[in-house]
Amino acid sequence: MSSGPHLQEFEYLQEVYRHTCEAFDRGELNSTQARDAIMRLRHTDVDGVTWKVDTTRSGRRAAFVRVNDQPAPSTVRRTVPTGLDALDAKYRDICAAYDRGELSATAARNEVTALRYTDTHGHTWKIDTQRSGKRAAFVQHRETPAPKPVRIVEPEPQPLPVAEPVREELPQTEHIPVVKSETEEFDDGARLLRLKKIAVLATTAAVSIALLITFTGGDETVTTSSTTPANTTDTTAPASPIPTIPEDNSDSTPLLASFANREAIPNDTEIEFGRSVQNRPLTFIRRGNPNGIRVLVVGVIHGDETAGLAVTDLLKKMEVPANVDLWILPELNPDGIFLKTRQNANKVDLNRNFPVRWKPLGEVGFWQWAGNGPATEPEVLAMMKLGKVIQPQFNVWYHQDYFRISPGLGRDGDIRERYAMLVDLPLLKIAGGTYSGTATMWSDTLNNNDTVSLLVEFGKGLREGEAQANADAIYTVVKEFFPS
Ligand SMILES: [Zn+2]
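Residue numbers (the UniProt record's numbering): 1 to 484.
Quick look at the structure:
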């Protein structure tokens, strides 16, 4: 059954559902856009069962229903369009491939927007992504922007299910207020959710569809989040004595302490800055221009959230832009990775053990156990030492599988929004846990409180090209927001 971290996924769906309904109530989304946004919400639980929102039973809170298993063709059908019907068929193939995870949202959008059909009158048509649902809606493609209202041509066999008047652009309302819950104290006080991102959500939703089709009901199991078991106690940690790996006897890994200062730390060298509870070396690699913008990227802090390693692997190989002093730290929690646990080998949530705004949280076995005091864990102490040396200007931390970046204010907020856009993640508030003594609370205080800390929550796994998009986004953000 679902355990603590997985519970959050349903909470995430609830939050997106609520925001979408509120945006619809305010008239910022039309019913087609709102429905599409809601219908694309999915969660695959630990048992491999995929859930979607049951629109027939949802009210103020979403009810969930099991998604029917549907045999999927293994590849996208690629036919030459001979008419609007063929264009529509191709559109649906792309949507299905996206829903199966074979195409990223960006790739699916690119494919959809590239679709064209020229009729016998010489008019060229493309997909109207604003209005397309489970079937494609079409709009005439012109070199110059089309006059409004847009003329719609309906594909042959049946009329489009779009009853709404076309809303060409979403209003430019700046902010949506977000209700703050008692336990939410995340990060630097993010309070606002930008409407634009709801718009992105809805636009992305135009590429998602298939689930509108099926509601057979018969063999579907029904649940709501309120009935999801609230088991937040971690009982999976091994009971056997903790194995200890021997001292690293290779003399080839230099120690952080052997360098007088940051300037003395060489490039392209794996350097040890501490040891984990089970004596695994904690290491980093510096790359790029030692006089450039100092960027620190941490791949893994929660041991069962390892997707960030794909990004740090790329960063080790990619060319570093001329103005970047890159510090790559793949694994801050190697014991957790080995044990496949969120926590370190002492069962402490390292992301609650940092000394800034530390609070006691639960006890041993609680998924967010903060330890017996601030900075009790060797991994955290080592990180603090290293942070003091690096004094990063930009610090990225990767997590899973909450699928979002939390919005922020000011320059931080702009950076988060820009990064989220570049990597195609929704900008949504992180909630559902208690946030004290986190790594970003601490890293924000570095560099005279001027470090920009970015926490990225990937989904369950990385989509095609997502690691590369994140590696690229780091450099794009540095270029745009950190003039050298
Ligand atoms: Zn995490």
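All C-beta atoms, glycine included, are put in the ideal place defined by N, C-alpha and C.
Report the CB separation of residue i from residue j in whole angstroms; it is logged as a contact under 8 Å.
i    : j    : result
D304 : R342 : 5 Å
A105 : D424 : 5 Å
L428 : R404 : 4 Å
L315 : A471 : 5 Å
Q400 : A307 : 5 Å
V396 : V456 : 6 Å
W327 : L296 : 4 Å
L446 : P392 : 6 Å
T481 : L386 : The residue you asked about is not Thr; residue 481 is Phe in the sequence shown. About 23 Å separates the two Cβ atoms, so there is no contact after all.
T50  : K460 : Contact doesn't hold; Cβ gap of about 11 Å is too wide.
V356 : M421 : About 29 Å separates the two Cβ atoms, so there is no contact after all.
Under a three-way DSSP split, which group does residue i fall into?
i           : result
G274        : strand
E15         : helix
Q140        : strand
S453        : strand
I415        : helix
V478        : helix
V65         : strand
R42         : strand
Q393        : coil
L329        : strand
residue 485 : Because the chain in this structure spans residues 1 to 484, residue 485 falls outside the shown range and cannot be described.
K317        : helix
G299        : strand
L428        : coil
T124        : strand
Y435        : coil
W369        : coil
I285        : strand
F458        : strand
T306        : coil
residue 488 : Nothing in the structure corresponds to residue 488, since the chain is present only between 1 and 484.
L361        : coil
T445        : coil
T118        : strand
V324        : strand
I94         : helix
I265        : coil
R404        : strand
L255        : strand
A469        : helix
R294        : strand
G410        : helix
A206        : Only weak support is given to the placement of A206: the predicted model assigns it a pLDDT of 36, under 50, and the value that follows is read from those uncertain coordinates. Coil at A206, not helix or strand.
N279        : coil
N344        : coil
T440        : helix
Are residue i and residue j close, meaning C-beta to C-beta below 8 Å?
i           : j    : result
Q140        : T118 : no
F354        : T438 : yes
T56         : I38  : no
L454        : I390 : no
I293        : D325 : yes
G299        : L329 : yes
L332        : E270 : no
D36         : G122 : no
A370        : M384 : no
V277        : D335 : yes
L41         : V65  : no
residue 490 : V478 : Only positions 1 to 484 of the chain appear in the structure, and residue 490 is not among them; the question remains open.
Y398        : F458 : yes
G433        : Q368 : yes
R61         : Q130 : no
L103        : A136 : no
I265        : R286 : yes
A108        : I127 : no
V67         : Y91  : no
residue 494 : G274 : This structure cannot speak to residue 494, because the chain is shown only from 1 to 484.
K359        : S406 : no
P290        : E263 : yes
Compute the minimum distance between the beta carbon of residue i and the heavy atoms of ligand 2, and state whether it is under 7 Å.
i    : result
A469 : As for ligand 2, it is missing from this structure, which binds only ligand 1.
Counting only C-beta atoms, is residue i closer than 8 Å to chain B at any point?
i   : result
D54 : The structure shown contains no chain B; it is built from a single protein chain.
How would the residue list near ligand 1 read, in chain order, if you kept each one whose beta-carbon is closer than 5 Å to any heavy atom? H302, E305 and H399
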